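Asker: Sharing a structure with you now.
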Amino acid sequence: MRERVVIKWGGGLITDKSSLCTPDLEILEQLAQTVSDCIQHDLDVVLVHGAGSFGHLRSKYWRLNEGFLPHARFDKDEKCMNQREAVNTVRQEMLELNAHVCRALEQKNLTPVIHPPHLWAQNTGPVFSGNLHRFHEQSEGQVHVTFGDVVDVEGEPQFGILSGDDLVVRLAIELPAVKRLVFAIKGVDGLLRVPPEQASEDDLIEIWTPEIEFKGVHESSIDVTGGIGLKASRGSLVASHGIEVMMVNGGKMERVLNAMLGNPVRGTLISDKQ
1240 MRERVVIKWG GGLITDKSSL CTPDLEILEQ LAQTVSDCIQ HDLDVVLVHG
1290 AGSFGHLRSK YWRLNEGFLP HARFDKDEKC MNQREAVNTV RQEMLELNAH
1340 VCRALEQKNL TPVIHPPHLW AQNTGPVFSG NLHRFHEQSE GQVHVTFGDV
1390 VDVEGEPQFG ILSGDDLVVR LAIELPAVKR LVFAIKGVDG LLRVPPEQAS
1440 EDDLIEIWTP EIEFKGVHES SIDVTGGIGL KASRGSLVAS HGIEVMMVNG
1490 GKMERVLNAM LGNPVRGTLI SDKQ
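Using my numbering, the first residue of the sequence shown is number 1240, and each one after it goes up by one.
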């Protein structure tokens, strides 16, 4: 079996997060080329992408991350009358974003194999339920693709948001032949010692362990998962299994590719060691 890399494209990287359901087609085309290049280097790719403006804005308004809220009051929006309708709408919008992702891959002569989580996964967090056998077989030129989604949850919550940052944990740890996990994020080179707007090149944390403090932007008015902090904590969990984890600037394609290939690159190496 060929070696594999799990790559996470941040939702904020591949969409305009401030404008509902707006993909960044130029970035998608460039990122798809890195996947093609990776496969040309005999490394198979499992791709997970975030939601960005296709999921976070509506999910935030309808508080889908909190599960079913029978006593909460909501004003209807242009598509939804209630939380149940919002669940279905967000799922459909994620499929729309996924179609843009897959179209970019197909334009590079790759074959995406799509796995919408609401069809096979249950519950949330890094120990979500769901059989990963569907990801095991991978022919040359195929790219397994999945994404953050609204999934069914057992018990009172009924539904919740399974983040792409949780999906990558089980994919990286449980799938055979995975050598590394790469987070491609927007606008920063990795984890920083100071807020991004104050940072110089010297403020990049090149090797991060859980006791090191960092500053990042978590758009709490938009984001319904955990922002860059969730990526760091989930990356550390993966690193504890002996898998290399890198966080790089997703707008720098040569860095994304080099990180996927395991070459030295500017970014943050995430470790579990104290």
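All C-beta atoms in this analysis are idealised placements derived from N, C-alpha and C, irrespective of residue type, glycine included. Bear in mind the structure is a predicted one, so any value in this text is a computation, not a measurement.
At which residues does the alpha helix (DSSP H) containing Glu1483 begin and terminate?
Answerer: It is not in any alpha helix (DSSP H) - Glu1483 instead sits in the beta strand (DSSP E) that spans 1483-1488.
Asker: List in chain order: all unbroken alpha helix (DSSP H) runs of 4+ residues lying wholly within the segment 1284-1324.
Answerer: Taking only runs of at least 4 residues, the alpha helix (DSSP H) segments lying wholly in the segment 1284-1324 are 1295-1301.
Asker: Can you tell me which of the three DSSP states His1457 falls into?
Answerer: Residue placement at His1457 cannot be trusted, given a pLDDT of 46 that sits under 50; the coordinates are not used to answer.
Asker: Between the Cα of Ile1467 and those of Ala1423, Leu1500, Arg1505, Ser1439, spot the shortest distance and give me the residue it belongs to.
Answerer: Selected option, being the one with the closest Cα: Ala1423.
Asker: Using only alpha-carbon positions, find the residue among Thr1363, Ser1479, Gly1380, Met1333 that is nearest to Pro1234.
Answerer: In the structure as shown, the chain begins at 1240 and stops at 1513. Residue 1234 is therefore absent and cannot be evaluated.
Asker: Considering only their Cβ atoms, is the gap separating Val1487 from Val1477 smaller than 9 Å?
Answerer: In this structure, Val1487 does not lie closer than 9 Å to Val1477 by Cβ.
Asker: With H, G and I counted as helix, E and B as strand and the rest as coil, what does DSSP make of Lys1470?
Answerer: In the structure shown, Lys1470 sits in a helix (DSSP, three-state: H, G or I).
Asker: Measure the C-alpha to C-alpha separation of Leu1296 and Trp1248 and round it to an integer number of angstroms.
Answerer: Each residue's Cα considered, the two are about 18 Å apart.
Asker: Could you tell me which whole alpha helix (DSSP H) segments of length 4 or greater appear in the segment 1338-1414?
Answerer: Counting whole runs of 4 or more residues, the segment 1338-1414 contains the alpha helix (DSSP H) stretches 1403-1413.
Asker: Please go through the same chain and pick out, in chain order, the residues whose beta-carbon is closer than 8 Å to the beta-carbon of Leu1371, but skip the five residues on each side of it.
Answerer: Only Arg1409, Leu1410, Glu1413, Leu1414 meet the Cβ criterion.
Asker: If you drop the 5 nearest sequence neighbours on each side, which residues of the same chain put their C-beta closer than 8 Å to that of Trp1359?
Answerer: These residues qualify, in order along the chain: Gly1369, Asn1370, Arg1373.
Asker: Between the alpha carbons of Gln1331 and Asp1316, how many angstroms are there, rounded?
Answerer: Looking at the two C-alpha atoms, the distance is approximately 16 Å.
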